[in-house]
Every structure is written in C-alpha cells, then in structure tokens.
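Asker: In UniProt numbering, the protein residues as written are 1 to 474. Every residue gets a Cβ at the ideal spot worked out from N, C-alpha and C, and that includes glycine. Before anything else, here's the structure in question.
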Amino acid sequence: MSKQFDLIVIGAGPGGYIAAIRASQLGLNVACIDEWKNIDGTPAPGGTCTNVGCIPSKALLQSSEHFDQANHHFKEHGIEVSNVSLNLNNLISRKNSIVKQNNDGILYLFKKNKVSFFHGTGSFSAKTENGWSIKVSSLKEDLHAKNVIVATGSSPREFPGVKFDEKIVLSNDGALNIKDVPKTIGVIGGGVIGLEMGSVWRRLGSNVTILEAMPEFLMSADFQVSKEALKVFTKQGLNIKVGVSITDVKVSDKSVTVKYKDQSGSTTDLLVDKLIVSIGRVPHTKGLNSSSVGLLLDDRGFVVVDSHCKTNLSNVWAIGDVVRGPMLAHKAEEEGVAVAERIVGQHGHVNFDTIPSVIYTSPEIAWVGKNEQELKKEGHSYKVGTFPFLANGRARALGDTTGFVKVIADSNTDEVLGVHIIGPMASELISEAVTIMEFKGSSEDIARICHAHPTLSESLKEAALAVDKRSLNF
Ligand code: FAD
Ligand code: NAI
C-alpha cells in the first residue's frame with residue numbers, strides 16, 4: 001500500500017492533531033501519525049497534554065481540591081461532614097476515564113474531518129521528487145507527502161545521574177499515578193509541575209517539600225504575585241525551599257535521600273518516600289531519523305525553525321514543544337493552525353506577546369504580557385492598578401478571597417502591557433485580559449466595559465480603574 005498525501009503530521013499532541021484538522025478543513029488530504037499507546041496497546045492520541053499532562057493533572061487537581069474543601073472548608077458554609085475518606089483508586093480511575101474520553105474524542109475528530117490516522121512511529125525515510133517519504137513502524141510501505149509537520153513534543157528532563165523508575169523517582173507520568181498516598185514527597189523543581197503536583201499530593205495528605213534552585217520563588221511571575229503565592233502555599237503546608245543546590249540523590253527500594261545545600265550554606269539530608277523530578281522538559285526527536293535527511297536541531301535538541309515554523313528542509317515545518325518558545329498546549333495549537341494556513345498560502349499568525357500562562361494551584365495564578373520586573377529592566381514607563389479579591393462580593397460569597405488582580409498600563413498611552421492575577425478562577429479571568437491586549441486596548445477600555453455583577457471579573461474592571469486611581473469598591 002503506497003499512500004500519497006498533501007500533508008503528513010508526525011505527532012498527535014495538541015500541536016499535531018489541531019494542525020491536521022485545520023489542514024483538512026482547508027482542503028488538504030492529511031495523514032497524522034502518533035505512537036502513544038494505552039496499556040492494552042490501543043492508540044492514545046493527544047500527546048503529553050492528554051495522556052500525562054494538562055488533562056490528567058487538572059482532573060487530579062479538581063478531585064484533590066474537593067477533598068480539601070470537604071475536609072477544611074465545608075464547615076464555613078454550614079455543612080457538617082464527618083468521616084471524609086479518600087478512595088484513591090477511584091480518584092485515579094476517574095482521571096483515567098477522562099483521559100480516555102479525550103483520546104476517543106480525538107479519534108472521532110479525525111474521522112469527522114477525514115484525517116487518516118496511523119498508529120506507530122513516524123520517521124523520515126527519504127526525500128522524493130515531490131516531497132518526503134515517511135516510514136510508519138506499523139506499515140510495510142512508506143507514506144508520501146509534499147508537506148510534513150513535525151509535532152513530536154517533549155519528554156521530562158532527568159536529574160543528572162538519577163533515572164526515572166516511576167516507582168520511587170517520578171516524572172509527571174509517575175506523579176499522576178501514585179497508588180497509595182505517600183507520607184512524604186520531595187519535589188526537585190518549584191516550577192509549574194512541581195507546584196501543581198505538589199498541591200495535589202499535599203491536599204491528599206502527603207508532607208511535600210519542594211526544592212528550587214533559583215534564589216527567589218516563581219521568578220517567571222510578577223514579583224508581587226510570587227510573594228503572595230509563596231505566603232499562601234506555605235500557609236497551606238507546602239515546604240518550599242529556594243536557592244538550594246542538590247549535591248547528592250540516593251535512591252533505595254522504598255525511599256530517596258536528597259542532600260542539598262541551602263542559601264545559608266548548611267547541608268540537609270531530606271528523606272522522602274517518593275521523589276518527583278520536575279526540572280523542565282526536553283524536546284523529543286527520538287525515532288524521527290532526522291539526521292538521515294539533515295533536519296537541523298540546535299545544541300539543546302530543538303528543531304530549528306524560523307518565525308513561521310519553517311525548518312531548514314523544504315516544506316518541512318515544526319511546531320509545539322519540539323521548537324523554541326513556551327512549552328504550552330495552547331501555543332502548540334496556535335502554531336498548528338498557523339502552519340496549516342501557511343501551507344495553503346494563507347497568512348497564519350501567532351502573537352507570542354499575548355500567550356497566557358496559568359498555574360492551576362489554589363489559588364490559581366495567571367498572567368499575560370509583561371510583568372513589573374521586565375518593564376523596569378526595559379526602562380518602560382508604566383502605571384499599575386491592583387484590586388484585592390477580598391473586596392469582591394462574588395469572591396466573598398464563594399468563600400475564596402485570596403489574591404488580587406494587577407493591571408499594568410503604559411504611562412503615556414494607557415495601553416495594557418500586562419495583567420497578573422492570583423486568586424479564584426484566574427485561569428478563566430485571564431482570557432478577558434488576553435482579548436483586550438490582542439486588540440491593543442487600554443486600561444480605560446476595560447474600565448468602561450460593563451461587567452456582570454456579582455462576578456469575579458469585576459475585579460479586573462476595578463484593577464483597571466485603579467490604574468487611574470479611581471477604584472469604586474476599594
Ligand atoms: P506533545 O503533546 O508532547 O505530543 C507529541 C506527540 O507526538 C506524542 O503523542 C508522541 O507520542 C508523538 N510522537 C513523538 N515522536 C513521534 C514519532 N516519531 N512518531 C509518531 N509519534 C511521535 N500546557 C498547558 O498549556 N496547560 C496545562 O495545564 C499544562 N499542563 C501540563 C501538565 C504536565 C504534567 C505536563 C507534563 C505538561 C503540561 N502542559 C500544559 C504542557 C503541554 O502538555 C505541552 O506543551 C503540549 O502537550 C505540547 O504539545 P505538542 O503537540 O507539541 O507535543
Ligand atoms: P518549569 O520550567 O516550569 O520549572 C522547572 C523548575 O525547576 C524551575 O523553577 C527551575 O529553576 C527548577 N530547577 C531546574 N533545575 C533544578 C535543580 N537542579 N534543582 C532544583 N531546581 C531546579 O518546568 P516543569 O515544572 O518541569 O514543567 C515543564 C513544562 O511543562 C513547563 O515548560 C510548563 O510550561 C509545562 N507545564 C505547563 C503547565 C501549565 O500550563 N499549567 C502545567 C505543567 C507543566
């Protein structure tokens with residue numbers, strides 16, 4: 001069987017499967033190849049995001065939040081519950097069934113959009129007169145296409161000398177599948193995964209210690225947000241150590257000892273039942289056979305692309321985690337759509353200045369645009385308005401008044417340069433800020449928009465009013 005396509009997409013994560021669907025909508029004959037499989041060997045499209053990332057982590061965050069609420073907060077609402085107990089098996093099964101629904105949803109979308117799906121590893125076989133031959137591990141004969149999109153994603157980075165065994169030393173995969181709540185968990189890396197997975201297991205009963213190398217907590221966020229987050233997470237019971245230098249990790253059958261030096265120079269041996277390593281991710285190009293066709297990778301292993309996601313090979317594109325830029329599902333999706341549109345001659349576009357970042361802890365943290373440190377460094381003249389959720393009626397009714405909204409606008413033009421939120425539903429609230437920034441709106445624009453009452457979104461309006469020192473409710 002020899003199959004000719006207009007486009008072959010290698011990888012069916014959020015970058016790849018969205019690119020395949022968009023290209024098919026635009027009239028191309030598209031194949032998508034993905035190697036991820038369930039325990040029973042059946043296809044599990046959706047990539048890291050669906051299988052061991054965004055979706056399962058949010059399922060566990062929601063379940064563990066309910067458990068925490070039942071244990072600690074229902075009382076405030078006048079609801080007395082006794083003997084709250086955890087069925088971890090059911091909690092994990094629920095997560096697995098949500099993942100499966102998403103896998104099946106993608107297979108359904110492929111059918112609906114007439115994308116030919118092939119389960120197996122895709123690798124470059126040869127350059128042909130009209131394009132590329134791609135080998136699929138499960139097929140005897142190659143597939144052919146004029147255009148190829150590489151969307152092969154990323155893998156967890158190992159701590160030097162410490163292998164993931166997913167029993168004691170866990171990547172994101174193992175951290176989503178622990179069978180019994182450990183008494184103690186150590187986390188190397190206080191970034192997004194460390195905070196989200198650390199929060200899940202703390203809520204379920206583990207004593208969690210996070211070891212972060214950087215001298216300050218959450219340095220990628222606005223300093224005011226990081227300060228508030230550190231205060232709240234510490235109060236919740238997360239042990240967060242910053243500025244640590246890990247000098248040794250000893251793994252035994254049932255535990256791990258992590259030796260680290262803190263900022264004062266003193267050394268501690270941290271003994272834990274499980275160790276989650278979340279120190280970033282590395283691009284995944286294994287299996288692509290990239291060197292056989294001369295696909296250019298940089299010294300960190302990313303596929304080299306220009307601002308249009310073009311690689312050094314003709315009609316070969318690359319998107320998502322395997323190329324430069326933030327490793328986020330929505331960034332991968334935007335690049336997928338843009339490349340599909342470019343292939344048919346349209347002007348696909350990704351605005352890197354308005355990609356939102358979200359951390360799904362409680363409270364949630366979300367931002368878009370520049371933070372104060374960045375603007376100071378640039379010497380940009382700006383004004384700031386903040387509004388605390390404590391003064392928001394809906395937040396009081398919810399029983400969750402932690403945090404604030406911060407709007408930063410240009411001193412001269414009033415254009416919104418950044419919005420930073422820590423508080424309830426920050427992940428949802430940030431989209432209004434993204435929209436405003438996408439349209440180059442001003443803080444006055446936000447302030448003049450009618451927001452429903454009582455909603456958390458009124459806090460964004462109030463923070464925008466505060467830029468002009470005229471908050472109405474604070
Ligand atoms: P991937 O999702 O990694 O997909 C790549 C696919 O290609 C995989 O299915 C892989 O099996 C397949 N593949 C690789 N090589 C081959 C080959 N040679 N042949 C065939 N198939 C191949 N991002 C967010 O925006 N929000 C979140 O809440 C969020 N939470 C996360 C939580 C965790 C724990 C983790 C680890 C990540 C999270 N991310 C989140 C990041 C997000 O998962 C990634 O940015 C996103 O999945 C990248 O999409 P992608 O399509 O580039 O790659
Ligand atoms: P990260 O980049 O968010 O955090 C890694 C942290 O580890 C950093 O703070 C870094 O300083 C620290 N670190 C690195 N080496 C260290 C060492 N030797 N000792 C101690 N600390 C060390 O990476 P993370 O959390 O692994 O996540 C990977 C990617 O997945 C991120 O790029 C993120 O964008 C994505 N992701 C996104 C989520 C979301 O959007 N909500 C959720 C989870 C992951």
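Return the first residue and the last residue of the beta strand (DSSP E) that residue 418 is part of.
Answerer: Element bounds for residue 418: 416-423.
Asker: For residue 432, report the span of its beta strand (DSSP E) as first-last.
Answerer: Element bounds for residue 432: not the beta strand (DSSP E) but the alpha helix (DSSP H), 426-438.
Asker: Between which two residues does the alpha helix (DSSP H) carrying residue 313 extend?
Answerer: Taken as a continuous stretch (DSSP letters only), residue 313 belongs to no alpha helix (DSSP H), as it is neither H nor E.
Asker: Just the C-alpha distance for residue 200 and residue 447, rounded to the nearest angstrom, thanks.
Answerer: C-alpha separation (whole angstroms): 36 Å.
Asker: Give, in chain order, every unbroken run of the beta strand (DSSP E) that is at least 3 residues long and sits entirely within the stretch 59-134.
Answerer: For the stretch 59-134, whole beta strand (DSSP E) runs of length 3 or above, ordered along the chain, are 116-119, 122-127.
Asker: Measuring alpha carbon to alpha carbon, tell me which residue in 325, 276, 316, 424 is nearest residue 126.
Answerer: Comparing Cα positions, the closest option is 316.
Asker: Would you say the beta carbon of residue 216 comes nearer than 7 Å to a heavy atom of the ligand NAI?
Answerer: Not so, every heavy atom of the ligand NAI lies at least 7 Å from the Cβ.
Asker: Output the residue ranges of the beta strand (DSSP E) runs that lie fully inside the stretch 179-248 and measure 3 residues or longer, sorted by chain position.
Answerer: You should have 184-188, 207-211, 239-241.
Asker: Is residue 451 helix, strand or coil by DSSP?
Answerer: Three-state DSSP puts residue 451 in coil, outside helix and strand.
Asker: Considering only the alpha carbon of each residue, which of 355, 188, 366 lies closest to residue 278?
Answerer: Selected option, being the one with the closest Cα: 188.
Asker: For residue 353, which residues in the same chain have their Cβ closer than 8 Å to its Cβ, ignoring the five residues on either side in sequence?
Answerer: Excluding sequence neighbours, residue 353 sits near 369, 437.
Asker: With DSSP as the reference, label residue 31 as helix, strand or coil.
Answerer: Reduced to three states, the DSSP call for residue 31 is strand.
Asker: Can you tell me where the beta strand (DSSP E) with residue 145 in it begins and where it stops?
Answerer: From DSSP, the beta strand (DSSP E) with residue 145 extends over 143-150.
Asker: With which residues is residue 43 paired in a DSSP beta bridge?
Answerer: Partner(s): 37.
Asker: Please report the straight-line C-alpha distance between residue 412 and residue 380, rounded to a whole angstrom.
Answerer: Those two C-alpha atoms are separated by around 10 Å.
Asker: Helix, strand or coil for residue 377, going by three-state DSSP, please let me know.
Answerer: Of the three classes helix, strand and coil, the one that applies to residue 377 here is helix, per DSSP.
Asker: Using a 10 Å radius around the Cβ and a threshold of 16 neighbouring Cβ atoms, would you call residue 294 buried or exposed?
Answerer: Label assigned to residue 294: exposed.
Asker: Take every Cβ of the stretch 380-396, pair it with every Cβ of the stretch 324-334, and state whether three or more of those distances are shorter than 8 Å.
Answerer: Not touching, per the Cβ criterion.
Asker: Please check the pair residue 46 and residue 106, which I expect to be a contact at CB under 8 Å, by giving their CB distance rounded to whole angstroms.
Answerer: With a Cβ gap of about 5 Å, residue 46 and residue 106 count as contacting.
Asker: Out of 131, 152, 153, 23, which one is the CA nearest neighbour of residue 144?
Answerer: When only C-alpha atoms are compared, the closest one is 131.
Asker: Less than 6 Å between C-beta atoms, sequence neighbours within five positions excluded: which residues of the same chain meet that for residue 407?
Answerer: If we look at residue 407 and ignore the five residues flanking it on each side, its Cβ neighbours are 385, 419, 443, 463, 464, 467.
Asker: Can you give the Cα-Cα distance for residue 371 and residue 221, rounded to whole angstroms?
Answerer: Going from the Cα of residue 371 to the Cα of residue 221 covers about 7 Å.
Asker: Just how far apart, CA to CA, sit residue 417 and residue 374?
Answerer: Computed Cα separation, rounded: 11 Å.
Asker: Which residue from 6, 322, 378, 281 puts its Cα closest to that of residue 159?
Answerer: Checked all of 6, 322, 378, 281; the closest Cα to residue 159 is 281.
Asker: Does the stretch 317-330 come close enough to the stretch 291-308 that 3 or more CB-CB pairs lie under 8 Å?
Answerer: Cβ pair count under 8 Å is three or more, so yes.
Asker: Less than 6 Å between C-beta atoms, sequence neighbours within five positions excluded: which residues of the same chain meet that for residue 388?
Answerer: So the qualifying residues of the chain are 404.
Asker: For the pair the stretch 164-175 and the stretch 254-266, tell me if three or more CB-CB distances fall below 8 Å.
Answerer: Touching, yes.
Asker: Which of helix, strand or coil does DSSP assign to residue 1?
Answerer: Because residue 1 carries a pLDDT of 47, less than 50, the predicted location of this residue cannot be relied on, and the following value inherits that uncertainty. Coil at residue 1, not helix or strand.
Asker: Quick one: what does DSSP say residue 303 is sitting in, helix, strand or coil?
Answerer: If DSSP states are grouped into helix, strand and coil, residue 303 belongs with the strands.
Asker: Roughly how many angstroms lie between the CA atoms of residue 475 and residue 347, to the nearest whole one?
Answerer: Outside the displayed span of the chain (1 to 474) sits residue 475, for which this structure offers no information.
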